[in-house]
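Just so you know, we're using our numbering here: the sequence shown kicks off at 13 and counts up by one.
By construction, the Cβ of each residue, glycine as well, lies at the ideal position given by its N, Cα and C atoms.
Here's the structure, in structure tokens; my notes come after.
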Amino acid sequence: WLGAAVFFSAAVAPSVFAVLRSFHLSNANEIAGSIVTRTLSIVNTGGFLIGALLLLSAFLLRRMVSRRAFRAEVISLLVVAAATGVGQWIIAARMLGLRAAMGRPVDEVAQNDPLRVAFNSLHGYSVGALSIGILAGLVALLLIARRSRANSV
Numbered sequence: 013w014l015g016a017a018v019f020f021s022a023a024v025a026p027s028v029f030a031v032l033r034s035f036h037l038s039n040a041n042e043i044a045g046s047i048v049t050r051t052l053s054i055v056n057t058g059g060f061l062i063g064a065l066l067l068l069s070a071f072l073l074r075r076m077v078s079r080r081a082f083r084a085e086v087i088s089l090l091v092v093a094a095a096t097g098v099g100q101w102i103i104a105a106r107m108l109g110l111r112a113a114m115g116r117p118v119d120e121v122a123q124n125d126p127l128r129v130a131f132n133s134l135h136g137y138s139v140g141a142l143s144i145g146i147l148a149g150l151v152a153l154l155l156i157a158r159r160s161r162a163n164s165v
């Protein structure tokens, strides 16, 4: 999941917008936004499920690590699950609702329109939630790798 989330953020989302804009389509951003929304849904749902499964495994394997390492692993996995869950079922859901309420492509709505202002704000929160999830996922990966290495010695 971590690799997919980083790849999505660094390559997929910017590339989809850049490629579609290069065709000078009047609705390039709307199409790109729909593709990115669908792809982000997969990334967020995957992050939530993987975070939850790894959290369960952390509890099953907690005797193999110190209390401090266990807490750090649990907290990082809770953050992954929370960030991706909030990103998917709160932020993205509200953004979809705003897009529907606009009744036309986001780019056709004035920058100062309250719906567009709210959409742009939620977009920032969406980027932030995924970024937090990625960082927490990296911490969890390092902790799990350390636990695995310690148990194999």
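Distance CB(residue i)-CB(residue j) smaller than 9 Å
i, j, result
"alanine 162", "methionine 76", "yes"
"alanine 148", "serine 88", "yes"
"alanine 152", "glycine 63", "yes"
"alanine 81", "leucine 150", "no"
"serine 138", "isoleucine 103", "yes"
"glycine 145", "valine 92", "yes"
"proline 126", "glutamate 42", "no"
"phenylalanine 131", "arginine 158", "no"
"arginine 173", "alanine 40", "The structure shown has nothing for residue 173, since the chain only spans 13 to 165."
"valine 55", "alanine 30", "no"
"serine 143", "serine 21", "yes"
Sequence-distant residues of the same chain with beta carbon closer than 6 Å to residue i, five excluded per side
i, result
"leucine 52", "none"
Assigned secondary structure, residue i (DSSP; H/G/I helix, E/B strand, else coil)
i, result
"phenylalanine 35", "coil"
"alanine 122", "coil"
"arginine 116", "coil"
"leucine 73", "coil"
"serine 160", "helix"
"serine 78", "coil"
Own chain residues within Cβ distance below 7 Å of residue i, not counting five before or after
i, result
"valine 28", "Ala44, Ile47 and Val48"
"valine 129", "none"
"valine 98", "Ala141"
"glycine 109", "none"
Minimum C-alpha distance to residue i - residue among the options
i, options, result
"glycine 15", "Val86, Ala104, Gly59 and Asn39", "Gly59"
"arginine 83", "Leu67, Ala93, Val98 and Arg116", "Leu67"
"leucine 65", "Phe35, Asp119, Glu85 and Ser78", "Glu85"
"leucine 61", "Met114, Leu90 and Arg74", "Leu90"
Cβ neighbours of residue i in the same chain (closer than 8 Å, five flanking residues each side left out)
i, result
"threonine 57", "Thr96 and Gln100"
"proline 26", "none"
"valine 24", "Val48 and Thr51"
"alanine 122", "Arg128"
Starting from the N-terminal side, write out each stretch of the beta strand (DSSP E) that is 3 residues or longer and does not extend beyond the segment 85-111.
Runs found: none.
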